[in-house]
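A.B. asks:
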Amino acid sequence: SIAEVRSQRYWMLGEVGRSGPFPLVTPTTVLQALAISGLREWAKKGSIVIVRGNTRLKFNYNDVMKGKKTEQNILLQNGDHIIVP
Numbered sequence: 070s071i072a073e074v075r076s077q078r079y080w081m082l083g084e085v086g087r088s089g090p091f092p093l094v095t096p097t098t099v100l101q102a103l104a105i106s107g108l109r110e111w112a113k114k115g116s117i118v119i120v121r122g123n124t125r126l127k128f129n130y131n132d133v134m135k136g137k138k139t140e141q142n143i144l145l146q147n148g149d150h151i152i153v154p
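At position 61 of the sequence shown the residue is numbered 130 (my numbering), and the sequence of numbers has no breaks.
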């Protein structure tokens, strides 16, 4: 029997506390992923990008934290890359 599936993951890149691949074992939003990896002091929180295949999705951390444009806080999919400039 299979004890655990680790084939699904997302990647954190840029001005984050911990970069690299992260397992995607439960539904995870962009905000949750950023909380897990942490943001560095000089991170450009208003210019975060999620790369999903050939698509680039914008994520403004400041807006989402203020309760604005919360539709940006999408669920991550296998292979997503979160880039924090």
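A virtual CB, placed ideally from N, CA and C, is assigned to each residue, including glycine.
(1) Distance, Cα to Cα, residue 131 vs residue 97?
(2) Could you give the DSSP three-state label for residue 114: helix, strand or coil?
(3) Grouping DSSP H, G and I as helix and E and B as strand, with all else coil, what is residue 93?
(4) Quick check on the burial criterion: 16 or more other C-beta atoms within 10 angstroms. Buried or exposed for residue 105?
(5) From the DSSP secondary-structure annotation, give me the bridge partner or partners of residue 100.
(6) If you draw a straight line from the C-alpha of residue 143 to the C-alpha of residue 111, how long is it?
C.D. replies: Quick answer:
(1) One C-alpha to the other measures close to 19 Å.
(2) Correct three-state label for residue 114: helix.
(3) In the three-state reduction of the DSSP assignment, residue 93 falls in the coil class, being assigned neither a helical nor a strand state.
(4) Within 10 angstroms of the beta-carbon of residue 105 lie fewer than 16 other beta-carbons, which makes it exposed.
(5) The partner list for residue 100 (beta bridge, DSSP) is empty, contrary to what the question assumes.
(6) Going by the C-alpha atoms only, they are around 24 Å apart.
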